[in-house]
Amino acid sequence: MRSPELTSPTLQHFTTVLEQAVSAYRGEASDRPAVPTVVNALLQAEKAAKQKKLTYPLTSLLGQWRLCFTTGTRKRKNRGGIELGRGFYVPKFGAAHICFAATDIAADKGEISNQVKLGGLLLKFTGPARYLGKKNLLAFDFTQMQISLFGRVVYKQQIRGGQSQTEDFYNQSIAKLPFFAFFLVTEDFIAARGRGGGLAIWIKEGSRQEAGSRS
Numbered sequence: 001m002r003s004p005e006l007t008s009p010t011l012q013h014f015t016t017v018l019e020q021a022v023s024a025y026r027g028e029a030s031d032r033p034a035v036p037t038v039v040n041a042l043l044q045a046e047k048a049a050k051q052k053k054l055t056y057p058l059t060s061l062l063g064q065w066r067l068c069f070t071t072g073t074r075k076r077k078n079r080g081g082i083e084l085g086r087g088f089y090v091p092k093f094g095a096a097h098i099c100f101a102a103t104d105i106a107a108d109k110g111e112i113s114n115q116v117k118l119g120g121l122l123l124k125f126t127g128p129a130r131y132l133g134k135k136n137l138l139a140f141d142f143t144q145m146q147i148s149l150f151g152r153v154v155y156k157q158q159i160r161g162g163q164s165q166t167e168d169f170y171n172q173s174i175a176k177l178p179f180f181a182f183f184l185v186t187e188d189f190i191a192a193r194g195r196g197g198g199l200a201i202w203i204k205e206g207s208r209q210e211a212g213s214r215s
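With UniProt numbering applied, the sequence shown corresponds to residues 1 to 215, in that order.
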C-alpha cells in the first residue's frame with residue numbers, strides 16, 4: 001500500500017476532518033472519519049502551515065495531551081527511505097500522554113514527559129525540552145524513567161547520562177536530538193510530525209470530560 005497522496009479535500013476542509021476525528025475519539029460524535037481521510041487532512045494541515053508560515057508560541061503547547069491518532073512509518077519496498085504507515089486511532093485501553101511544562105518562557109525552555117498507562121501499570125519518561133518558535137519545533141531528550149504500579153513508584157532511574165545529559169542538553173545541536181515539528185495547534189488538539197517522519201494528533205486533557213471508553 002502506498003503512502004497517502006497529498007490531495008485536496010473535496011467536501012470538507014482539513015480542520016473540519018480533524019475536529020470530527022477528535023470529537024469522535026472523545027465520544028462526542030458517533031461517526032469518526034476514515035483513517036485515510038484523517039491522514040490526508042494531516043498532510044493538508046502540514047502543507048498549509050508551511051505555505052502560510054504559521055507560528056505558535058510555547059505557551060500554546062503547555063499542559064497534558066492524550067495521543068489520539070498516529071501513523072508511524074515504514075520502509076519503502078524495493079526503494080530506499082521511509083513512508084507513512086497506514087495510521088490508526090489509538091485504542092483507549094492503553095492511554096498514552098505527553099505533557100509540556102515551561103521552566104523559562106523567555107528562553108523557550110521547558111520539560112517534557114511521555115507516559116503510557118495500561119491498567120495499574122504506568123511507564124513514564126521525563127527530560128528537558130527547548131522550543132524553536134520560528135519553526136514550531138520542540139526538541140527534547142529523555143533523561144529519567146519511572147515505573148509506577150497502582151499509583152506507587154516502584155522504579156526510578158536516570159537514563160542516557162541523567163543529570164549530566166540534562167545540563168548539556170541546551171548546548172547540543174538540534175540535528176542530534178529527537179523533536180516534534182508542530183503544524184496545527186488549537187485549544188482542543190495539536191498535530192505534529194516526529195523526527196522519524198510519522199504524524200500524530202494529541203487531544204487536550206482536562207479541557208473537556210471525555211465520554212465513552214470504547215476505542
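Even glycine gets a Cβ: it sits at the ideal position worked out from N, Cα and C.
Small disclaimer: the values here were computed from a predicted structure and weren't measured.
Taking the alpha-carbon of R193 as reference, which of R26, G87, H13 has the nearest alpha-carbon? G87
Output needed for N136: all residues of its chain with C-beta closer than 7 Å, excluding positions within five of it in sequence on either side, in chain order. T55, Y56, A181, F182, F183
The alpha helix (DSSP H) enclosing S23, as first and last residue numbers: 14-26
Please determine, among P128, D188, G85, L121, the residue with the shortest C-alpha to C-alpha distance to R152. L121
Comparing C-alpha positions only, which one of A21, Q144, T37, P36 sits nearest to S30? A21
Contacts around E205, its chain only, beta-carbon distance under 8 Å, and the 5 residues preceding and following it disregarded: G63, Q64, W65, R66, H97
Range covered by the alpha helix (DSSP H) that runs through A49: 35-52
Hey, L61 and F100 are a contact pair by Cβ (cut 8 Å); roughly how many whole angstroms apart? 5 Å
Nearest to A107 (by Cα), restricted to the options G119, L132, G127: L132
Once DSSP output is grouped into helix, strand and coil, what is the label at L138? strand
8 Å contact criterion, which Q158 and K124 should meet: CB distance rounded: Not really, about 13 Å apart at Cβ, beyond 8 Å.
With distances taken between CB atoms, is the gap from G85 to T71 smaller than 8 Å? yes
Buried/exposed call for I201, threshold 16 Cβ in 10 Å: buried
Helix, strand or coil for Q172, going by three-state DSSP, please let me know. coil
Which same chain residues, not among the five before or five after A49, have their C-beta less than 6 Å away from its C-beta? F183
Pull up the distance between the alpha-carbon of I174 and that of G161, whole angstroms please. 18 Å
Between the beta-carbon of A139 and the beta-carbon of L42, is there less than 8 Å? no
Distance between N171 and R214 (C-alpha atoms, nearest Å): Confidence at R214 is low in this model, with a pLDDT of 40, below 50, so its placement is unreliable and the value that follows should be read with caution. Going from the Cα of R214 to the Cα of N171 covers about 44 Å.
Euclidean distance between Cα positions of K109 and Q163: 16 Å
Count the other C-beta atoms from every protein chain shown that fall within 10 angstroms of the C-beta of F93, then say buried if there are 16 or more, exposed otherwise. exposed
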